[in-house]
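Chains as they are written, first to last, in our numbering: chain A, 460 to 965; chain B, 927 to 1075.
Note that the Cβ used here is the ideal one computed from N, Cα and C, for glycine as well.
Heads up: the structure comes next, in structure tokens.
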Amino acid sequence: MRDAEGDDAREGQDSDDRSHDGETGTRTDGGGRSDGTQSVAHGPSRLAGVRHLLFEARAALASPNRNARSAVVLGRLLGLAFVVCFGTGIYSHLLQEPLGWMRFPTRPTQLYQFTQGLHITTGIAIIPLLLAKLNTVMPALVQVPPVRGVLHLFERLSIAVLVSASIIQVTTGLLNTYQWYPWPFPFRQVHNAMAYVIIGSLVIHIAAKLPVIARYWRKRDSYDEQGRFIADPASGSELLPPTREARPASAPQAAVAETAGSTAPGLLGRVFRWIDGVDEVAAQPAADTAEPTRASRSVDERAQGRRQRIARRGFFGGVTAAVVGVVALTAGQSSKLAEPFNVFGARQRGLGANGLPVNRTARAAGVLASATAADWTLTVVGPDVTRTFVRAELVALGTTEVDLPISCVEGWSQMATWKGIRMRDLLGAVQAEPGSHVRVTSLERHGGYRIMDMGPEYAEDPTTLVALELNGSTLDLDHGFPARVIAPGRPGVLQTKWIEKIEVLR
Amino acid sequence: MKAARIVLVVVGVLVIAFGASVLVTSVSPKRIGGLAAWLLGAVILHDAILSPFVVGAGLLLRRAGRSLRAWVLVVVQAAIVLGSVLALVVLPEIAAKRHGQKNPTVLPFDYGTRLLIVEGVLLLVVVAVLVVGVVRARRSVVRGSQTTG
């Protein structure tokens, strides 16, 4: 976070005419200060006040971390994270609302546990990455002029969409893992639609920034041998030092005055003299008045490079600590590896009836009476035959034990041992055709998941059960007693509890 | 590069349009208004509250950076960033739990106490690093005056 004093030194350079200055790597040397006073810009006078304010804001934001290279590095990580969340999110959405022709893999049985755990974990990692990225590009928020033309206006609007949609997406996603919905819109539909808006505006953002991304893609093109950032105006970056853009006439003098530590006007000048230490700056080689010698300049450059490197490493060290910390302390809800560090996870594995967490209780589903009724039967409707089974008749069909995970859309997941009757045996008992779709109905009176459809890939899978037991004892009422569905690779909401009817569709 | 940029913009606009159509077809207009308010609120929250806070914290660190060694500053900064992000993630969790759990397996922990403990540990790290840093700086000053004197 320690800022190179070179930021102030750069203030004094050149006017807004970029084209005449071809050098790129040596802009931060003290020698530039000498021509600071001669630079008189031809900015329009009417907006000078506003522009001056924006310039002062930019000067306050100047930092070795806030450059185009940092933006590219964080942008790559963030872009990757967004794509991971988008892919796993769309997969989860399609599992719940498949198009008619779709079939899904049932192996590995932990596939959905993996994809959804990745979705939530990556989403949580996005929080510090997004903050870091927004922090890095903050000077662009107060760029001068604010709008350069119609295209630039659209670009800034697309960034506004990207930023606000990302913040909303991350916030609602996080609160969804806490099962708290304090907003006036439906979560799942909005989360799904916003995903496309974010990816679309991200693609536009990449298009707009493509020259900057290409210019600063590699580290060796971004820093000189001293480790100083190479400010290249040709890249079109909006995160270059203030001198690289048009400036109001008053700024250079003010900057020079500030670096000299004397009589900079205004509160901001005073604040910065306090922050950067007047004595320290004044004790530097008298670069304002005299051309520095070659030797002192190279010492200066090395010191600057060192300061910039430390600032950057400190910044990325902080970002790494935040990402690792926040992921490690929450991922225990969906990963065995992180289970010992589950300090802030929304779920604790192994906690709950049958040693498994619960999402929807029997009370919430309104099945307390119907699920415990002594005359409960399971009705299986085939194309020609319909049969009803009491619990003992189900057991008589022959039970199987399988290990399958419960993986919730909210991210938590846990492996469990289930015992019950294979779905395909039940379907065989009513002479269902191979490749049949199946509809399962719960005793629940209402709720979006009362009726669940299952494609043949699940119905015929040998691990898909109508489960009666969980982890060695009878299914708890909150886990779906008297019987529930468990199938490989599906979200928890489709593992229907308290079932009363299975229909063969076709 | 120009062709690639044009293609990307067209693709981006199409994907946004698809997202908008998904939104319009799956969410009622009245609730889209609520979403718009939240989207606007997010921009205001970032531009008017979060950014100035971060800038202020950064400037204070920059001021502190004058008298601190680099490694001390880096550790202090990392602890502040981690502590802030954890607070950002866990404070809503505390609020959610206060708002009411659906059942005892949802949000099972005492997140307030846990957050205080973790932030306390981070604070201890910061204090320890600052103390070590200051002591070392003094020692080197003393040593320096001995050799010159």
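- Counting the other Cβ atoms within 10 Å of the Cβ of A851 (chain A) gives fewer than 16, which makes it exposed.
- In this structure, DSSP gives Q954 (chain A) a state outside helix and strand, which the three-state scheme calls coil.
- At a cut-off of 8 Å between beta carbons, T1039 (chain B) makes no contact with chain A.
- As far as DSSP is concerned, E798 (chain A) takes part in no beta bridge.
- Within the same chain, Cβ atoms closer than 6 Å to the Cβ of T859 (chain A) are found at R881, the five residues on either side in sequence being excluded.
- The straight-line gap separating the alpha-carbon atoms of V1067 (chain B) and V1000 (chain B) is approximately 22 Å.
- Beta bridge pairing from DSSP links R881 (chain A) with A:L924.
- 8 Å or more divides the Cβ of T574 (chain A) from the Cβ of A805 (chain A).
- Shown in chain order are the members of the region 656 to 686 of chain A whose Cβ falls below 9 Å from a Cβ of chain B: V656, I657, I658, G659, S660, L661, V662, I663, H664, I665, A666, A667, L669, P670, A673.
- Note: I942 (chain B) is not bridge-paired with any residue in the DSSP secondary-structure output.
- Of the candidates A:I961, A:I579, A:R904, A:I961 places its Cα closest to the Cα of A918 (chain A).
- Where R607 (chain A) is concerned, there is no enclosing beta strand (DSSP E), because DSSP gives it neither an H nor an E.
- Under the criterion of beta carbons closer than 8 Å, I626 (chain A) and F545 (chain A) do not qualify as touching, at roughly 16 Å.
- V1002 (chain B) and L1056 (chain B) do touch by the CB rule: their CB atoms are close to 7 Å apart, below 8 Å.
- Against chain A, the CB of L1056 (chain B) has no partner CB under 8 Å away; the residue lies outside that interface.
- Taking 8 Å as the cut-off, the beta carbon of L533 (chain A) is found closer than this to the beta carbon of L588 (chain A).
- Burial check for D920 (chain A): the Cβ neighbour count within 10 Å reaches 16 or more, so the residue is buried.
- Using beta-carbon distances, T820 (chain A) counts as an interface residue toward chain B, with a partner under 8 Å.
- Contact between A1022 (chain B) and L699 (chain A) is ruled out by a C-beta separation of about 43 Å, above the 8 Å threshold.
- Taking a 10 Å sphere around the C-beta of R528 (chain A), we find 16 or more other C-beta atoms and assign the residue as buried.
- With contacts defined as CB atoms closer than 8 Å, L837 (chain A) and T845 (chain A) fail to qualify as a contacting pair.
- A contact is defined here as three or more CB-CB pairs under 8 Å, and the region 891 to 907 of chain A fails this definition with respect to the region 598 to 616 of chain A.
- T831 (chain A) sits in a helix when the DSSP states are folded into three classes.
- The alpha carbon of V601 (chain A) has as its nearest neighbour, out of A:P893, A:R615, A:V662, the alpha carbon of A:R615.
- Within its own chain, the residues whose Cβ lies closer than 7 Å to the Cβ of L994 (chain B), once the five positions on either side in sequence are excluded, are G1059, listed in chain order.
- Measuring C-alpha to C-alpha distances from W871 (chain A) to each of A:K878, A:Q807, A:D862 identifies A:Q807 as the nearest.
- Between the C-alpha atoms of K668 (chain A) and I585 (chain A) there is a straight-line separation of about 21 Å.
- Listed along the chain, the chain B residues whose CB falls inside 7 Å of the CB of N594 (chain A) are V980.
- Take the alpha-carbon of V656 (chain A) and the one of F940 (chain A): they are about 42 Å apart.
- Rounded to the nearest whole angstrom, the CA to CA distance from V897 (chain A) to G695 (chain A) is 58 Å.
- A Cβ of chain B is located within less than 8 Å of the beta carbon of L633 (chain A).
- The alpha-carbon of S866 (chain A) is positioned some 21 Å away from that of A540 (chain A).
- Contact note: M653 (chain A) reaches chain B through G945, L949, using a C-beta cutoff of 8 Å and chain order.
- For R898 (chain A), the enclosing beta strand (DSSP E) stretches over residues 897 to 901.
- When secondary structure is reduced to three states using DSSP, E919 (chain A) falls in the coil class, being assigned neither helix nor strand.
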